Amino acid sequence: MSENNPPKIGLALGSGSARGWAHIGVIQALEEANIPIHCIAGCSIGALAGAIYASGNLDRLSDLAPNLDWRKISSFFDLVFPKSGLVNGKKVARFVRDHIRETNIEDLPIRFCAVATDLDTGEEVHLVEGDIIEAVRASISVPGVFTPVKIGDRCLIDGGMANPLPVNVAREMGADFVIAVDINHDIVTKKGVSRTTRFERRTEIRKERRRKRLEKAFGGNTKLVEALNDRIESLGLPRARRIRPGKEKTPNIFDVLTTAVNIMEARITAARLAFEPADLLIQPDMSPIRFLEFHRAQEAIDAGYAATKERMGEIEILLGKPDSTP
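If you use my numbering, the sequence shown corresponds to residues 3 to 328, in order.
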């Protein structure tokens, strides 16, 4: 592509529940580098982030997301008698409506598609026109958690059931170069050790605090301080606890449903990427963040931003632009 005919860049934003706040950081980094986005294909939480960006309200969401706490988040869950889902989804739709200009998809300044799944046929459904709020609500309707959304004669659920990372959709929308953001890549490989990693981090913090207290008590005798610190740590931690930290907390029903869905989606994503690769795949380190930890938005945003900045030189080269990174 020449400077007179630059490539059309498409974003494929994947599913991943609370981890989806990382999409905000990715977009922020791309905007800082003045990389224009021609179109966005989003699935589930990726559809929410993509719709908010396409409607010009990303700054408002990036200011709001880090201030969400569990009290606010729990208010979105309008529980209903278990018929086709535990949560009706109307309050979530109201939240989306507050942050997306109420309009039809075809009227957005950036081309946008929300990916959903037809509950009756399993077909991948591309929502490229009509009410943007209903399209996003359909795309995020995790089966068993949110009730399905009726659009036309279709009963729609989470797009991740068919296409968790819609690279092909971005290409169909006219993108010459697709940047895909996968936030589920580590769920199978890292989930089993994430609690151990967090435990080890807490242990190191505790040791560092105790080391400072010992230094104050014993002056500059580094060897003595380190020996005492290690000895206290070994005495304070039973052997069984060092091998298996803490008692495992039993997950709640929302944890079970969302995690099971995301494990399946991670497998589907890996399979589809093998046949429909993106031109650039960004995979932020999301292993510390569980799928319902929406209150950890700033961590997710930072992870998405950092992962994109790390690849910025590569993005510039692939797009034929001079490397602007230091």
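Glycine included, C-beta positions come from ideal geometry on N, C-alpha and C. Being a predicted model, the structure only gives us computed values, none of them experimental.
- Annotation for G315: the continuous alpha helix (DSSP H) segment containing it runs M314 to L320.
- Nearest C-alpha to D304 among A14, L129, L275 and P286: P286.
- Assignment of alpha helix (DSSP H) within the stretch 109–158, counting only whole runs of 4 or more residues, yields 134–141 in chain order.
- In this structure, S17 is the residue among I29, G306 and S17 with its C-alpha nearest to the C-alpha of R269.
- Cβ atoms of G124 and S141 stay farther apart than 8 Å, at about 15 Å.
- D160 is bridged by DSSP to A118.
- Residue environment analysis places E312 among the exposed positions, since fewer than 16 neighbouring C-beta atoms fall within 10 angstroms of its C-beta.
- Under the DSSP assignment, G44 falls in the beta strand (DSSP E) whose first and last residues are C41 to C45.
- When DSSP assignments are scanned along the stretch 277–313, the uninterrupted stretches of beta strand (DSSP E) that are 3 or more residues long and fall wholly within it turn out to be 282–284.
- The beta carbons of D188 and M314 sit no closer together than 8 Å.
- Around the C-beta of T105, fewer than 16 other C-beta atoms lie within 10 Å, and the residue is accordingly described as exposed.
- Residue pairing by DSSP leaves L50 without any beta bridge partner.
- Put simply, of I11, A172, P9 and A56 the residue whose alpha carbon is nearest the alpha carbon of I26 is A56.
- Scanning its chain for C-beta atoms nearer than 8 Å, with the 5 sequence neighbours on each side dropped, one finds around I112 the residues I39, H40, C41, I42, Y55 and A56, in chain order.
- By the neighbour-count criterion, in which a residue is buried when 16 or more other Cβ atoms sit within 10 angstroms of its Cβ, P168 is buried.
- With respect to the C-alpha of I37, the residue from I181, L275 and I185 having the closest C-alpha is I181.
- Out of P9, L110 and G146, the CA that lies nearest to the CA of V263 is found in G146.
- Collapsing the DSSP output to three states places G22 in a helix.
- In the DSSP assignment, the residues bridged to V183 are L15 and I284.
- N165 counts as buried, since no fewer than 16 other beta carbons sit within 10 angstroms of its beta carbon.
- By alpha-carbon distance to A49, the top candidate from A280, S143, C157 and M266 is S143.
- Remark: C-beta atoms of G306 and A14 do not approach each other more closely than 8 Å.
- About 6 Å separates the Cβ atoms of V117 and E126, confirming a contact at the 8 Å cut-off.
- Distance from D281 to F114 at the Cβ level is roughly 19 Å; contact not present, criterion being Cβ atoms closer than 8 Å.
- Taking C-beta atoms as the reference points, T260 and V28 fail to come closer than 8 Å.
- The bridge partners DSSP lists for N59 come to none.
- Beta-bridge partners assigned by DSSP to N106: D133.
- When only Cα atoms are considered, R21 and R292 end up about 7 Å apart.
- By alpha-carbon distance to R173, the top candidate from L294, P279, A299 and N59 is P279.
- For R211 and E301, the gap between their C-alpha atoms comes out near 24 Å.
- With a cutoff of 8 Å on beta-carbon distance, S19 and L294 are scored as near each other.
- The Cβ neighbour count for I159, taken over all protein chains shown within 10 Å, is at least 16; the residue is labelled buried.
- With a cutoff of 8 Å on beta-carbon distance, E136 and V151 are scored as near each other.
- Excluding its 5 nearest sequence neighbours in each direction, A31 has C-beta neighbours in its own chain below 6 Å: Y307, T310 and K311, listed in chain order.
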